[in-house]
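Student: Handing you this structure, nothing more for now.
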Amino acid sequence: MRRAGDDGAQPDALEALFGWVLTRGRLTSHSAVHPPRTHSAFFPLLNAAVSEICPKEQLAGTLGVFLAVMSSGGIVGPYLAGWIVDTAASPASGYALTFQVLGAFAVVGAITALLTVNPPRDARRVMAGA
27 MRRAGDDGAQ PDALEALFGW VLTRGRLTSH SAVHPPRTHS AFFPLLNAAV
77 SEICPKEQLA GTLGVFLAVM SSGGIVGPYL AGWIVDTAAS PASGYALTFQ
127 VLGAFAVVGA ITALLTVNPP RDARRVMAGA
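The sequence shown runs 27 to 156 under our numbering.
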């Protein structure tokens with residue numbers, strides 16, 4: 027089923043089902059084109075991965091903390107971005123500063139993960155608690 031005005035876009039149901047999209051003949055990033063559909067496919071996969079890694083006795087608490095941390099960015103991010111844009115000299119400089127600040131948070135998080143995550147050690151620790 028094609029929509030009026032589309033020049034080759036896939037139907038919505040197929041895009042959501044397969045988690046990828048070919049838009050107008052160009053291969054594009056699905057997360058850039060359809061973020062809600064990407065997240066609806068991505069988050070269940072993360073939950074399944076956590077369920078596979080974590081011992082059954084710790085699963086409920088681990089998933090609770092995992093989902094709370096994942097949701098915190100969606101709660102805090104828009105307010106922080108709005109405050110930065112509102113207090114900047116101009117909207118353009120506010121948006122630029124917003125990307126820089128939130129990018130710095132991402133870099134700090136990545137460096138923290140690189141310094142603290144040790145898969146062999148963490149696997150032994152998780153399995154010892156099972």
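Glycine included, every Cβ here is placed at the ideal spot set by N, Cα and C.
With 16 other CB atoms within 10 Å as the buried threshold, where does residue 52 fall?
Tutor: For residue 52, the predicted model reports a pLDDT of 44, less than 50, meaning its position is unreliable and no value from the coordinates is stated.
Student: Do residue 133 and residue 121 have their beta-carbon atoms positioned less than 8 Å apart in this structure?
Tutor: No.
Student: Just confirm the distance between the C-beta atoms of residue 76 and residue 92, as a whole number of angstroms; I'd bet it's less than 8 Å.
Tutor: Confirmed, Cβ separation roughly 6 Å.
Student: Alpha carbon to alpha carbon, what distance is there between residue 69 and residue 49?
Tutor: Low per-residue confidence applies at residue 49: pLDDT is 44, beneath 50, and the placement is therefore not dependable, though the value from the model is reported in the following sentence. Roughly 23 Å separates the two Cα atoms.
Student: Going by C-alpha to C-alpha distance, which of 81, 71, 67 sits closest to residue 4?
Tutor: As displayed, the chain neither begins before 27 nor continues past 156, which places residue 4 out of reach and without an answer.
Student: Measure how close the beta-carbons of residue 123 and residue 114 come, nearest whole angstrom, since I'm counting them as under 8 Å.
Tutor: Their Cβ separation, rounded to whole angstroms, is 6 Å, which keeps residue 123 and residue 114 in contact under 8 Å.
Student: As a quick exercise: from 97, 119, 96, pick the residue whose alpha carbon is nearest that of residue 107.
Tutor: Checking every option, the nearest Cα to that of residue 107 belongs to 119.
Student: Just the Cα atoms here: how many angstroms apart are residue 87 and residue 146?
Tutor: Distance between the alpha carbons of residue 87 and residue 146 is about 22 Å.
Student: Can you tell me the Cβ-Cβ gap for residue 73 and residue 89, rounded? I've got them flagged as a contact below 8 Å.
Tutor: Contact flag correct, Cβ pair sits at about 7 Å.
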